[in-house]
Amino acid sequence: MANLPLRRDNWPEWKKSFKHLVTGRGNEEVFNPIWCEEHKKEKKFRKKTSNAYTLLELCVSANLYPVVQAVDTFSEAMKDLADACGEKLLIKLGNKLYALIHLDFVPGSSIADHIGKFQSMYTSLKSAQISTPNTKIDTAMAGIFFLKSF
Numbered sequence: 070m071a072n073l074p075l076r077r078d079n080w081p082e083w084k085k086s087f088k089h090l091v092t093g094r095g096n097e098e099v100f101n102p103i104w105c106e107e108h109k110k111e112k113k114f115r116k117k118t119s120n121a122y123t124l125l126e127l128c129v130s131a132n133l134y135p136v137v138q139a140v141d142t143f144s145e146a147m148k149d150l151a152d153a154c155g156e157k158l159l160i161k162l163g164n165k166l167y168a169l170i171h172l173d174f175v176p177g178s179s180i181a182d183h184i185g186k187f188q189s190m191y192t193s194l195k196s197a198q199i200s201t202p203n204t205k206i207d208t209a210m211a212g213i214f215f216l217k218s219f
């Protein structure tokens, strides 16, 4: 199924992969709240959300399965999973920022690997920041953190 099962610590990466998986199966509309509202009484809505919900059940780790099972709709399951994975928690955002700030290049190691790790950590931080109101991490800050890491 998805490249990785959803755990409590990989929401941003997993969500992107899961969206690609659902889109690849022709059900991308389930992520569009306007489309869902306009078509919620139609058979195609029920079919697409049912397909996405079934796929969702297959793509979460065992400890998150009860979160999916506790609700009746795909959109509720996605919202509850985001909450369960703590993407809205300021502490988690702080931990990601702290890890990025304290990333240091190890002399003699691959610069490409270091850049890749920085990009991955920055992407994860940006994803968490988007779901945390009144926070902003911009590219200038990222540049400062990156230069500091050498």
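According to this note's numbering, the sequence shown is numbered sequentially starting from 70. In this text, a Cβ means the ideal position worked out from N, Cα and C, and glycines have one as well. Fair warning: this is a prediction, and the values are worked out from it, not measured in the lab.
Buried or exposed: THR101, going by 16 or more other Cβ atoms within 10 Å of its Cβ?
Inspection of the sequence shows that residue 101 is occupied by Asn rather than by Thr. So ASN101 ends up on the exposed side.
With which residues is VAL129 paired in a DSSP beta bridge?
In DSSP, VAL129 forms a bridge with LEU75.
Are LEU125 and LEU166 closer than 9 Å when you measure CB to CB?
The criterion of a C-beta distance shorter than 9 Å is not satisfied by LEU125 and LEU166.
Does ASN132 pass the burial test, meaning 16 or more other C-beta atoms within 10 Å, or should it be called exposed?
By the beta-carbon neighbour count (other beta carbons within 10 angstroms, threshold 16), ASN132 is exposed.
What separation, rounded to the nearest whole angstrom, lies between the Cα atoms of MET190 and LEU127?
Cα to Cα, the separation comes out at about 27 Å.
Is DSSP giving ALA139 helix, strand or coil here?
Looking at ALA139 - three-state DSSP - the assignment turns out to be coil, as it is neither helix nor strand.
Identity of the residue in GLY185, LEU158, VAL129 nearest ALA197 by Cα:
Out of GLY185, LEU158, VAL129, LEU158 has the C-alpha closest to the C-alpha of ALA197.
Is the CB-CB distance between VAL99 and PHE143 below 9 Å?
Judged by their CB atoms, VAL99 and PHE143 are nearer to each other than the 9 Å cut-off.
Considering just the uninterrupted stretch of the alpha helix (DSSP H) at GLU106, what are its terminal residues?
GLU106 -> alpha helix (DSSP H) spans 102–108.
Between the CA atoms of LEU169 and VAL140 - distance to the nearest angstrom
Going from the Cα of VAL140 to the Cα of LEU169 covers about 35 Å.
Rounded to the nearest angstrom, how far is the Cβ of THR204 from that of LEU162, given a contact under 8 Å?
Right, the Cβ-Cβ distance comes to about 6 Å (below 8 Å), so this counts as a contact.
Among residues of its own chain, excluding the 5 on either side of ILE180, which ones have a beta-carbon nearer than 8 Å to its beta-carbon?
Excluding residues within five positions, the ones whose Cβ falls inside 8 Å are PHE174.
Following the continuous alpha helix (DSSP H) through GLY212, name the residue where it begins and the one where it ends.
First-last of the alpha helix (DSSP H) with GLY212: 208–217.
Leaving out five residues before and five after ARG77 in sequence, what residues of the same chain have Cβ atoms less than 6 Å from its Cβ?
Excluding residues within five positions, the ones whose Cβ falls inside 6 Å are CYS154.
List the whole-angstrom C-beta distance separating LEU73 from GLU82, where the pair is believed to meet the contact cut-off of C-beta under 8 Å.
The pair is a contact, with the Cβ atoms about 7 Å apart (cut-off 8 Å).
Leaving out the 5 sequence neighbours to the left and right, which residues in its chain are closer than 6 Å to THR64 when beta-carbon positions are compared?
It is not possible to answer for residue 64, since the shown part of the chain is limited to 70 through 219.
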